[in-house]
Amino acid sequence: MNSGGYIKFILTLIAVLIAWFGYLAIQSVDRLRTSNLKVAEKLDALNEKIASGAIAAAVPRRVSSSSSEDAEVANREFFDPGAVRGGRLIQTLQADPPNLNPYISGENTAMSLYGLCTSTLAERNWAAPEEFQPMLAESWTISPDHKTYRIKLRKGVMWQDFTDPVTGREFRNVEVKAADFKFAVDVVKNPDVNCEPLRGYYQDLESVEIVNDYEFVVKWSKAYYGSLAITLGLYPLPRHYYHDYPGPFDGKKFNDDHVRNSFIVGCGPYRFIRWDRDRRFVFRRNESYWGIRYGIGPALEYLVYDVIKHPNTRFQALTAGDVDLLNLTPDQWVTRTDIPEFRDGRLKKYKYLEQMYSYIGYNERNPLFQDRRVRQALTMLTDREKIKKDIYRDLAEIVTGPFHPKSRYADPSIRPWPYDPAAAKKLLAEAGWKDADGDGILEKDGRKFSFTMLQIATSSTQVRMMPLLKESFAAAGIDMKIQNVEWSVYLQRLNERTYDACCLAWTSPFDPDPYQVWHSSQADAPTGSNHIGYKNPELDKLIEELRGTFDMKQRVELAHRIAAILHEDQPYTFLFAQYALVAVSGRYRDVRVMPMGISTETFWTPKAEQKQVPGL
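Everything in the sequence shown is counted per numbering that gives the first Met the number 0, starting at 0 for the first residue and increasing by one.
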């Protein structure tokens, strides 16, 4: 969920409502699919440096600050200087995003697509994620108190040329400058802009002060562990595109400018070409991309994302050669890859544990779910071992909380709630739920225990799982109805809080900040990520303490206490961390699984094996 390297700021730090339960809504859209591998161990070195202040007033490792031409750029070692330019990479989406403005979309597809066209100040090294390396920033310094970052930009980074789709005005040869970064932060902090999930991360960002066109200072009001990743993850926002009118910036206009929000203006490796609604997105190599002169320009000429809703149709397109990269379902991985295309190498498989977790969320505004004994009972009525075996084909790991099971932040002493219908029924009875009239449905205070679970219409995994839940719940006297909805409607229901229960997934960042999803302040924030309305003052204090703690041992202890509270409260039924199951055409070279996942930024194909994009 990524401009070829590590996450862009939005992708890394914001777990917006992004995922389809079962496997993510974005089939293959992420150019960098994150997995954990050994990232937690590799991060320790950085965490210790941060805690000691050792990185204060220092440029990144192996970076020269003498000039932009001499400075190293992120991940150059993974780009083959002999890569042949040309060809395509066609991937798939299950559905269109609502728009292409990552600030207001509230949806990961838009963020991923936008990431193809932009660059951040720095990126994590793909093989050593504890190390930040320069992108748009030539160098940076950090104060000993972790509150002030001074950024020096590269010169000669250009915005793509474009014609404004509203005014028809042409923009040529516009350089990326410090003002574009200040504008980006100002937009997020503007209360009229619909980016509530983002805004929580910026609440302690005090100011962006422009020194000159190529230098600026980011000041934080307090020491915040996530400030390093947020600051270095900033990307510029083109003021000449989004504020091309006299007077002050209008946040509401920014939200509602549907024409501009269906277009992307960037400074990254690819240019947005077109969006054919419900059919296709097309991106082309950006010839003015600054990274080309540093050896990190992409070889592929076109990146294409075809909208194909049904998993069987996507798989058929893959085997027919019409799609080049596809995230497979567990069933496809197990039962449909023993075919000539995979055996002879025309298609290749790659597997790794993704940095995410899926869950069932209960809207606690509904009185049915306000007693934690009820939520515990619902979890004990969910047979996760059976779901893992029968639906996920054992290609998933059961999780106990929001921290990735392979992360140091996860507490291995916390055991998953067992599948135990008898214990669940006992808890429900203790909570006052009885079948007083003998109709098979529990009731309390005159109300039946009946609710509706949202189901994503295009998710084959949910279609198989929901009947299992319905049957298990019914045996305990709970009436669960299933409502099948399209993704756009699903998002709307979540944002409006007009649902009972849902099945989704969140990404699990390398350095977690539970604030966005779990802090009480986010429960009442419009379109905030704490959409279930969970509130716990004790947890709030721990989350706030975690944000200001730099010592890794203390951070782990705080994370374990947070996990213990969530385990007991069960605001979610925590489900699985899933394996990414990726099929890639054998035409591509430099396909690697690294701690950061698979980056398609380095893909290339020999001239004789290159294919054109149909219709272009």
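Cβ atoms here follow ideal geometry from the backbone N, Cα and C, with glycine treated the same way.
1) When the Cα atoms are used, what is the spatial distance from K37 to E106?
2) Is G225 close to the ligand SAH? I mean its beta-carbon at under 7 Å from any heavy atom of the ligand.
3) Note down, in chain order, each residue of its chain lying with its Cβ closer than 6 Å to the Cβ of L231, except the 5 sequence neighbours on either side.
4) Are three or more beta carbon pairs between the stretch 440-454 and the stretch 471-481 nearer than 8 Å?
5) For D275, list the residues DSSP reports as bridge partners.
6) Leaving aside the five residues before and after Q617 along the sequence, list all residues of the same chain whose C-beta is less than 8 Å from its C-beta, in chain order.
7) So what's I359 in DSSP terms, helix, strand or just coil?
8) Just mark S34 as buried or exposed, buried being the case when its beta carbon has 16 or more other beta carbons within 10 Å.
9) Return the CA-CA distance between A94 and T108, expressed in angstroms with no decimal places.
10) Got a sec, what are the start and stop residues for the beta strand (DSSP E) M452 sits in?
11) My output table needs one value for N98: the three-state DSSP class, helix, strand or coil.
12) Given a cut-off of 8 Å on the beta-carbon distance, is the pair F573 and V306 in contact?
13) Quick one: give me the first and last residue of the beta strand (DSSP E) that L204 is part of.
14) Give the DSSP-derived three-state secondary structure of V516 in the structure shown.
15) Within this structure, are the beta carbons of K308 and A222 separated by less than 8 Å?
16) The alpha helix (DSSP H) that contains P133, what's its start and end?
17) Give the straight-line distance between the Cα atoms of G596 and P525, rounded to the nearest whole angstrom.
18) Taking L468 as the reference, which of P511, P420, V488 has the closest Cα?
19) Going by Cα to Cα distance, which pick from F472, H518, G532 is closest to Y498?
20) Is DSSP giving M551 helix, strand or coil here?
21) Measure the C-alpha to C-alpha separation of L352 and A395 and round it to an integer number of angstroms.
22) For T599 versus L236, is the C-beta distance shorter than 8 Å?
23) Rounded to a whole number of angstroms, what is the C-alpha to C-alpha distance between F509 and G527?
24) Using only the alpha-carbon positions, how far apart do V83 and V303 sit?
25) Thinking C-beta only, is D438 closer than 8 Å to R392?
26) Could you spell out the range, first to last residue, of the alpha helix (DSSP H) harbouring G596?
27) Please check the pair T312 and E340, which I expect to be a contact at CB under 8 Å, by giving their CB distance rounded to whole angstroms.
28) By a C-beta neighbour count over all protein chains shown, 10 Å radius and 16 as the cutoff for buried, is A582 buried or exposed?
29) From L538 to D389, what distance separates their C-alpha atoms?
30) DSSP three-state call for V590: helix, strand or coil?
31) Report buried or exposed for E169, applying the criterion of at least 16 other Cβ atoms within 10 angstroms of its Cβ.
32) Hey, would you say Q609 sits closer than 8 Å to V322, going by beta carbons?
33) Roughly how many angstroms lie between the CA atoms of Q611 and N124, to the nearest whole one?
34) Ends of the alpha helix (DSSP H) at S111?
35) Mind checking whether P347 and G86 have CB atoms under 8 Å apart?
36) Using the Cα positions of S487 and S459, report the straight-line distance between them to the nearest angstrom.
Here's the rundown:
1) Counted from its first residue, the sequence shown places residue 37 at position 38. Counted from its first residue, the sequence shown places residue 106 at position 107. At K37, the pLDDT of 36 sits below 50, so the modelled position is not reliable; the number obtained from the coordinates is stated separately. Approximately 28 Å between the Cα atoms of the pair.
2) The model depicted lacks the ligand SAH and carries no ligand whatsoever.
3) Walking along the sequence shown from the start, residue 231 turns up at place 232. Excluding residues within five positions, the ones whose Cβ falls inside 6 Å are L120, A121, F131.
4) yes
5) Mapped onto the sequence shown, residue 275 falls at position 276. DSSP lists R279 as partners of D275.
6) As displayed, the chain neither begins before 0 nor continues past 615, which places residue 617 out of reach and without an answer.
7) Counting from one through the sequence shown, the residue named residue 359 turns up at place 360. I359: strand per DSSP, three-state reduction.
8) Counting from 1 along the sequence shown, the entry for residue 34 is found at position 35. Because S34 sits at a pLDDT of 33, beneath the cut-off of 50, its placement in the model cannot be relied upon, and the point is left open.
9) On the sequence shown, position 95 is the one that residue 94 refers to. On the sequence shown, position 109 is the one that residue 108 refers to. Distance between the alpha carbons of A94 and T108: 9 Å.
10) Within the sequence shown, the letter at position 453 stands for residue 452. Where M452 is concerned, the enclosing beta strand (DSSP E) stretches over 449-455.
11) Position 99 of the sequence shown, counting from 1, holds the residue named residue 98. Of the three classes helix, strand and coil, the one that applies to N98 here is coil, per DSSP.
12) For the purposes of this step, residue 573 is taken as residue 574 along the sequence shown, with counting starting at 1. For the purposes of this step, residue 306 is taken as residue 307 along the sequence shown, with counting starting at 1. No. Outside cutoff.
13) In the sequence shown, the residue the question calls residue 204 occupies position 205. Taken as a continuous stretch (DSSP letters only), the beta strand (DSSP E) holding L204 covers 204-211.
14) As a first step, residue 516 is located in the sequence shown; it is residue number 517 there, counting from the start. Reduced to three states, the DSSP call for V516 is helix.
15) Here residue 308 refers to the residue found at position 309 when the sequence shown is read from its first residue. Here residue 222 refers to the residue found at position 223 when the sequence shown is read from its first residue. No, Cβ-Cβ distance for K308 and A222 is not below 8 Å.
16) Position 134 of the sequence shown holds residue 133. Here P133 belongs to no alpha helix (DSSP H); instead the beta strand (DSSP E) covers 131-133.
17) The residue given as residue 596 occupies position 597 in the sequence shown. The residue given as residue 525 occupies position 526 in the sequence shown. The alpha-carbon atoms of G596 and P525 are separated by roughly 33 Å.
18) As a first step, residue 468 is located in the sequence shown; it is residue number 469 there, counting from the start. Minimum Cα distance to L468 is reached at P420.
19) The sequence position of residue 498 within the sequence shown is 499, counting from 1. Closest option to Y498, Cα to Cα, is G532.
20) One-based indexing of the sequence shown puts residue 551 at position 552. Three-state DSSP puts M551 in a helix.
21) Position 353 of the sequence shown, counted from the start, is the residue given in the question as residue 352. Position 396 of the sequence shown, counted from the start, is the residue given in the question as residue 395. When rounded, the distance between both Cα atoms is 8 Å.
22) Residue numbering aside, residue 599 sits at position 600 when the sequence shown is read from its first letter. Residue numbering aside, residue 236 sits at position 237 when the sequence shown is read from its first letter. Contact: no.
23) Reading the sequence shown from its first residue, position 510 is the one you call residue 509. Reading the sequence shown from its first residue, position 528 is the one you call residue 527. Those two C-alpha atoms are separated by around 21 Å.
24) Along the sequence shown, read from residue 1 onward, the residue named residue 83 stands at position 84. Along the sequence shown, read from residue 1 onward, the residue named residue 303 stands at position 304. Each residue's Cα considered, the two are about 19 Å apart.
25) Sequence index remark: in the sequence shown, residue 392 carries index 393 (1-based). Sequence index remark: in the sequence shown, residue 438 carries index 439 (1-based). In this structure, D438 does not lie closer than 8 Å to R392 by Cβ.
26) Reading the sequence shown from its first residue, position 597 is the one you call residue 596. Premise fails: G596 lies in the beta strand (DSSP E), 596-598, not in any alpha helix (DSSP H).
27) Here residue 312 refers to the residue found at position 313 when the sequence shown is read from its first residue. Here residue 340 refers to the residue found at position 341 when the sequence shown is read from its first residue. Rounded, the Cβ-Cβ distance is 16 Å, inconsistent with contact.
28) The count along the sequence shown starts at 1 and reaches residue 582 at position 583. Classification for A582: buried.
29) The sequence position of residue 538 within the sequence shown is 539, counting from 1. The sequence position of residue 389 within the sequence shown is 390, counting from 1. Those two C-alpha atoms are separated by around 35 Å.
30) Taking the sequence shown and counting its residues from 1, the one referred to as residue 590 is at position 591. Three-state DSSP puts V590 in coil, outside helix and strand.
31) Walking along the sequence shown from the start, residue 169 turns up at place 170. It is exposed - the Cβ of E169 has fewer than 16 other Cβ atoms within 10 Å.
32) To locate residue 609, count along the sequence shown from 1; it is residue 610. To locate residue 322, count along the sequence shown from 1; it is residue 323. No, these two residues do not count as a Cβ contact at 8 Å.
33) Position 612 of the sequence shown, counting from 1, holds the residue named residue 611. Position 125 of the sequence shown, counting from 1, holds the residue named residue 124. Cα to Cα, the separation comes out at about 31 Å.
34) Locating residue 111 in the sequence shown gives position 112, where the first residue counts as 1. Start and end: 107-114.
35) Reading the sequence shown from its first residue, position 348 is the one you call residue 347. Reading the sequence shown from its first residue, position 87 is the one you call residue 86. Checking the sequence shown, residue 347 turns out to be Lys, not Pro. No. Outside cutoff.
36) Against the sequence shown, residue 487 aligns to sequence position 488. Against the sequence shown, residue 459 aligns to sequence position 460. Roughly 17 Å between the two C-alpha positions.
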